[in-house]
Amino acid sequence: MGDIKREVRIASVENNIPQKEVWSSINELVNRIVDEALVLEYGEKNGIFLNEIELEKAIQNIVKDYPENSFNEMLLSRCIDYNEWKERFSEHLLIKKIVKEQTASLPPVSYHAIKSYYQERKKDFLHPSRAKFVHVVTKTRKEAEAVLARINGGEDIKKLVKEQSLRSGIRGDYGLHWKARYIFPSPLSGIIFTIPVGKVSNIIKTPNAFHIIKVLKREPPGVKDLLEVEGEIENILLNKAVERRYTAWLKELRNNYPVKVNDTLLDKLRDVNEND
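Our numbering puts the first residue of the sequence shown at 88, with every later residue one more than the last.
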C-alpha cells in the first residue's frame, strides 16, 4: 500500500494533477509500473545498464537550463527529494536505452511509404505566407549605409553578407530557408512581403538594429512540397514502427514473465482513496 501511494503521489506531482485523478485511473498506472518493471528485468538479464557518466551527462543537460541552485529549489517546492528524483530519472533513462536497443533493428522507412503518407495527408503540411530572403543586420546606421552602398555598387549581397559576418560581426541570413510572415515584427514583415522580389530594401530601423533585405522568393499560403517534409514524415513513420514493435515486445515480456494484478483489491484501494 505504501508503494502504491508513493507512485500515486509522484504521478500527481509529475503531471500536475490532483491525486484523486490519479487514483481514478489507478489501473492504468499499475499497468505502466508493470511494463517498466518488465523492461528493467529484461535489461538486467541481457546486461543492459546505465553508467554513471551517462546519468550525470543527462542530469547536467537538464540542470543547465536552470539558474544556480534553482533546480533543487524547484524539486523542494514540489516536495520531491533530489535522490529520489535522481533514482527515478535514472530508471527512465535506462528504460529508454533498453527500448532503443530492442527497436534498433527496425528497417529504414522506404521512400514509397513516405510519399504515400504525404499524398494521403497533404492537408497536414500547409504553410502560411512565406518568403526566402537575404537579411543583413547591423548595430549602427553607419555600418548599414556602408553595406548598402556596396550592394548598390554591384556587389553580390550573399557574398557580402558572408564576408561581413566573418570579418566585422555584422549578422546575416543567406536566404536558404523559408520564413513565415508571423515570425517577424511589423516593420520587417511589412517590407519582406511587399517589396518586389529581387529588389533590395532601404535601411530599416528597429529598436535594436538596422536591417537590409533582399527578397529572393515569396509564396502565398499553400502546401509544402514533399522534399520539405520528407524528414518529418520519416520520423513520424519511424516512431509509429517503434511504437508497434514496443507494444508487441511488451506482450512477449508479459508472456515470458507472467504478472497477475489483484484487480479487486486495486478497485477497493481506488474507492477508498478517491473518497479521502
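All C-beta atoms in this analysis are idealised placements derived from N, C-alpha and C, irrespective of residue type, glycine included.
Predicted, not measured: the structure shown is a model, and the values here were computed from it.
I need the straight-line Cα distance from residue i to residue j, nearest angstrom please.
{"i": "Leu313", "j": "Thr190", "result": "27 angstroms"}
{"i": "Glu178", "j": "Leu137", "result": "9 angstroms"}
{"i": "Gly89", "j": "Leu352", "result": "14 angstroms"}
{"i": "Ile244", "j": "Glu141", "result": "46 angstroms"}
{"i": "Asn102", "j": "Arg357", "result": "18 angstroms"}
{"i": "Ile120", "j": "Leu337", "result": "12 angstroms"}
{"i": "Glu94", "j": "Lys173", "result": "15 angstroms"}
{"i": "Glu321", "j": "Leu235", "result": "42 angstroms"}
{"i": "Pro308", "j": "Tyr269", "result": "12 angstroms"}
{"i": "Ala145", "j": "Asn170", "result": "15 angstroms"}
{"i": "Pro294", "j": "Pro274", "result": "10 angstroms"}
{"i": "Lys246", "j": "Gly285", "result": "16 angstroms"}
{"i": "Arg258", "j": "Ala296", "result": "10 angstroms"}
{"i": "Gly318", "j": "Asn362", "result": "49 angstroms"}
{"i": "Glu315", "j": "Glu139", "result": "40 angstroms"}
{"i": "Lys327", "j": "Cys166", "result": "36 angstroms"}
{"i": "Leu180", "j": "Val117", "result": "20 angstroms"}
{"i": "Asp260", "j": "Glu155", "result": "34 angstroms"}
{"i": "Val367", "j": "Asp122", "result": "Residue 367 is absent from the model: the chain starts at 88 and stops at 363."}
So residue i and residue j are in contact, right, with Cβ under 8 angstroms, and what is the actual spacing, rounded?
{"i": "Lys219", "j": "Lys301", "result": "Between Lys301 and Lys219 the Cβ distance is about 10 angstroms, and since that is not below 8 angstroms, they are no contact."}
{"i": "Val126", "j": "Ile182", "result": "5 angstroms"}
{"i": "His298", "j": "Val221", "result": "In fact, because the Cβ distance is near 11 angstroms, the residues do not count as touching under 8 angstroms."}
{"i": "Glu250", "j": "Ile290", "result": "Not confirmed; about 19 angstroms, so no contact."}
{"i": "Ser216", "j": "Phe271", "result": "Rounded, the Cβ-Cβ distance is 11 angstroms, inconsistent with contact."}
{"i": "Ile185", "j": "Ile135", "result": "5 angstroms"}
{"i": "Asn360", "j": "Trp110", "result": "5 angstroms"}
{"i": "Ala124", "j": "Leu324", "result": "Going by Cβ atoms, the distance from Ala124 to Leu324 rounds to 30 angstroms, so no, they are not a contact pair."}
{"i": "Leu340", "j": "Tyr129", "result": "6 angstroms"}
{"i": "Ser276", "j": "Ile282", "result": "Between Ile282 and Ser276 the Cβ distance is about 11 angstroms, and since that is not below 8 angstroms, they are no contact."}
{"i": "Leu193", "j": "Arg332", "result": "6 angstroms"}
{"i": "Ser99", "j": "Gln106", "result": "4 angstroms"}
Could you give the DSSP three-state label for residue i: helix, strand or coil?
{"i": "His199", "result": "helix"}
{"i": "Phe220", "result": "strand"}
{"i": "Thr334", "result": "helix"}
{"i": "Asp122", "result": "helix"}
{"i": "Val95", "result": "helix"}
{"i": "Asp211", "result": "helix"}
{"i": "Lys266", "result": "strand"}
{"i": "Arg165", "result": "coil"}
{"i": "Val287", "result": "strand"}
{"i": "Gly134", "result": "coil"}
{"i": "Val310", "result": "strand"}
Mind checking which residues open and close the alpha helix (DSSP H) that includes residue i?
{"i": "Phe176", "result": "Tyr169 to Gln189"}
{"i": "Lys107", "result": "Gln106 to Ser111"}
{"i": "Arg237", "result": "Arg228 to Asn239"}
{"i": "Lys398", "result": "An answer regarding residue 398 cannot be provided, because it is not within the stretch 88 to 363 covered by the chain."}
Between which two residues does the beta strand (DSSP E) harbouring residue i extend?
{"i": "Glu306", "result": "Ala296 to Glu306"}
{"i": "Lys355", "result": "Segment Asp350 to Glu361 is the alpha helix (DSSP H) holding Lys355; no beta strand (DSSP E) there."}
{"i": "Ile278", "result": "That residue, Ile278, is in no beta strand (DSSP E); its alpha helix (DSSP H) goes Ser273 to Ile279."}
{"i": "Lys292", "result": "Ile291 to Thr293"}
{"i": "Gly259", "result": "Arg258 to Asp260"}
Is residue i a contact residue of the ligand ZN, with contact defined as CB to any heavy atom under 6 angstroms?
{"i": "Ala145", "result": "Annotation note on the ligand ZN: not contained in the displayed structure, which lists no ligands."}
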